[in-house]
Amino acid sequence: MAQNRYKKLLSNTLVFAIGTFSSKVLVFLMLPYYTNILSTGEYGTVDALINVGQLMIPIASVGINNAVIRFGLENESDKKTVFSNGLYTILAGFAVLAVISPILPHLMDFMSGYTIAVLAFVLASSLRTLCIQFALSLGYSKMYAANGILNTFLNITLNILLLPRLRVMGYVLANIISDLVMGLLCFFMAKEYRYLRSPLSKTYDRPLAKRMRQYALPLVPQTVCQWIINMSDRYMIIFFINTEANGLYAAANKIPNILLIVANLFADAWQISAVKESDPKEQVNFFSKVLGAYSSIAFIGSSGLIMVSKFVMTFMVGDDFFISWRFIPILTLATTFGLLSTFLASVYMLKLRSKNSMITTVICAVVNLSLNAILIPLLGGIDPFYGALGAGIATFISYFVLFLIRAINTQRYLKIRWNIGKTVTSVLILFVQALYMSLQAPLWVVIVPALFVLLFVINAREILLSVNKLLRRG
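Take 18 as the starting number for the sequence shown in my numbering and just add one per residue.
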């Protein structure tokens, strides 16, 4: 069992790596294209439109896609009810969103002229997510990965064709068309039409549908709060400063997203393995060992990214965006604790404790909003650049708070074993390294790489031990 468990996690991670990483790298490499064609203001508008659309998705779908993958992975669940309940919930939620959509431009000026396009993006993205998540729960991991690659290629092709002519609208349309096409492709390739069932049917499992909604509903405010943590800083930068500052901040965020890309490769495979492990004693061992290696990789990756942040931005963005590299160290720290917090959330998923996930995220969002409201205008009064930096500081502190709360709270449900000494030491090294890099303090060109080497030495042993155990099991 142990051999199969770890090897399955590794094989699934590799499959998702081939699909997701290759597609995300392509998107990352398109950043110079976007920032050279669009102005900082246009790029800030694009970022705002896509991110507000991503906020609407969990609201319109009532978070049901989270329940589709969670209950779809259970062997005893009725698959037809799982898929059909997901589809009907999305369509009903979208209908409500469409009715209230006329008021959106009055609440968010940047949506003027783009409301219908954003609604179309919400529907297309929700349906594609439903199809690929359900396909994954059925065991079509390779199809899931391939769909991600093809979606990216189609999106990039459409952006190359549409962006020069249609500018902001071209970017949004590229996302709509690619999501719609790839969602339909997955629907037919996985033969998901076989899982459609009327909610009036006698064989429709209503208790299961109810359990899915009960699990999904707390995840709606959680997802909204997660969006607040990730994106509210950008809208507050626009409100307190301007779209140009948001464009710089958005460009800087693309670099720490490298960590998210790598982590998400693992997360897709991890949620499958976590749900499939049913033995309580083995759950503790499994989670503890995986967390040890996962946190070590996160610390090393973050340190390396901080070290090369200035160099990377010299060729990744246009000249007008280069100054944004100074945001990267603090945003990388924030991302690191976000990754660790997300891993801990898998405990809530396993134990069906979605309310705990929601409550901890709400606390984090309140901290984030409060600090944004204070730091952005306060530091922005000195210089617009410092105002945007204040948003990065707020994001870091809020994610750190989220990590601490979840590290303590999850112990009630799963006694994960932490290497406290390694974790605390690694966090301190990362913080000092980020500070030296951002301030360009004396001897930073020596101290920053030296801190990376030190952190690597501290964490490499745990990674090597995990790999060695896996190889011996194989």
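For each residue, glycine too, the CB sits at the ideal point set by N, CA and C.
Out of curiosity, what's the CA-to-CA distance linking residue i and residue j?
i: L234; j: G103; result: 13 Å
i: Y416; j: S215; result: 42 Å
i: M186; j: A134; result: 8 Å
i: L183; j: N53; result: 15 Å
i: A65; j: V449; result: 32 Å
i: I376; j: K368; result: 15 Å
i: V364; j: F304; result: 9 Å
i: L171; j: L46; result: 15 Å
i: Y105; j: A77; result: 11 Å
i: E479; j: N302; result: 15 Å
i: I446; j: K298; result: 34 Å
i: A382; j: L419; result: 9 Å
i: D400; j: I258; result: 10 Å
i: S142; j: L114; result: 14 Å
i: R423; j: I67; result: 29 Å
i: L108; j: T169; result: 25 Å
i: S320; j: I275; result: 13 Å
i: Y497; j: L357; result: Nothing can be reported for residue 497: it is not among the residues displayed for the chain, which extend from 18 to 491.
i: A84; j: F413; result: 29 Å
i: N385; j: A411; result: 6 Å
i: N176; j: A408; result: 29 Å
i: P122; j: V139; result: 16 Å
i: W287; j: L26; result: 7 Å
i: F312; j: D222; result: For the record, residue 312 in the displayed sequence is Ser; it is not Phe. Those two C-alpha atoms are separated by around 40 Å.
i: F344; j: D95; result: 48 Å
i: S249; j: M125; result: 13 Å
i: S326; j: N247; result: 20 Å
i: V198; j: M206; result: 12 Å
i: I9; j: D337; result: Given a span of 18 to 491 for the chain in the structure shown, any question on residue 9 remains unanswerable.
i: L395; j: A262; result: 15 Å
i: K306; j: S371; result: 24 Å
First and last residue of the alpha helix (DSSP H) that includes residue i?
i: V444; result: 437-456
i: N83; result: 81-89
i: A134; result: 132-154
i: S250; result: First, the residue type needs correcting, since residue 250 is Asp and not Ser in the sequence shown. Here the alpha helix (DSSP H) through D250 covers 236-257.
i: I194; result: 185-206
i: E261; result: 260-270
i: L431; result: Run containing L431: none; DSSP gives neither H nor E here.
i: Y157; result: First-last for Y157: undefined, no H or E at that position.
i: P495; result: Past the boundaries of the shown model lies residue 495; the chain is included only from 18 to 491, so the question cannot be answered.
i: N53; result: 48-54
Can you tell me which of the three DSSP states residue i falls into?
i: K306; result: helix
i: T220; result: coil
i: M125; result: coil
i: R343; result: helix
i: P75; result: helix
i: A163; result: helix
i: N476; result: helix
i: D531; result: Summary: the structure shown does not reach residue 531, with the chain confined to residues 18 through 491, and so no result is reported for it.
i: I323; result: helix
i: I117; result: helix
i: D285; result: helix
i: S28; result: helix
i: K368; result: coil
i: A34; result: helix
i: G335; result: coil
i: N13; result: The structure shown has nothing for residue 13, since the chain only spans 18 to 491.
i: R2; result: Nothing about residue 2 can be reported from this structure: the residues present for the chain run from 18 to 491 only.
i: P59; result: Before going further, note that residue 59 is Glu rather than Pro in the sequence given. Of the three classes helix, strand and coil, the one that applies to E59 here is helix, per DSSP.
i: D64; result: helix
i: N176; result: helix
i: S94; result: coil
i: R214; result: coil
i: P273; result: coil
Any beta-carbon of chain D closer than 9 Å to the one on residue i?
i: Q150; result: In summary, chain D is missing from the structure at hand, where a single protein chain is found.
Next on the checklist: Pairs of beta-carbons, one from the region 432-443 and one from the region 452-464, closer than 8 Å: are there three or more?
Outcome noted: Touching, no, given that fewer than three Cβ pairs across the two stretches are closer than 8 Å.
Next on the checklist: Under 8 Å: do the region 276-286 and the region 330-338 share three or more Cβ pairs, one atom per stretch?
Outcome noted: no
Checklist entry - Would you call the region 86-102 and the region 207-225 touching, i.e. three or more CB-CB distances under 8 Å? => result yes
Checklist entry - Are three or more beta carbon pairs between the region 214-233 and the region 348-364 nearer than 8 Å? => result no
Checklist entry - Using 8 Å as the threshold, is the region 109-123 in touch with the region 145-156, meaning 3 or more CB pairs across them? => result Here the region 109-123 does not lie against the region 145-156, with fewer than 3 beta-carbon pairs under 8 Å apart.
Checklist entry - Any contact of the region 258-268 with the region 56-64, i.e. 3+ C-beta pairs under 8 Å? => result yes
Item to check | Validate contact between the region 383-400 and the region 240-257 using beta carbons, cut 8 Å, 3 pairs | outcome: Yes, since at least three Cβ pairs between the region 383-400 and the region 240-257 fall closer than 8 Å, the two stretches touch.
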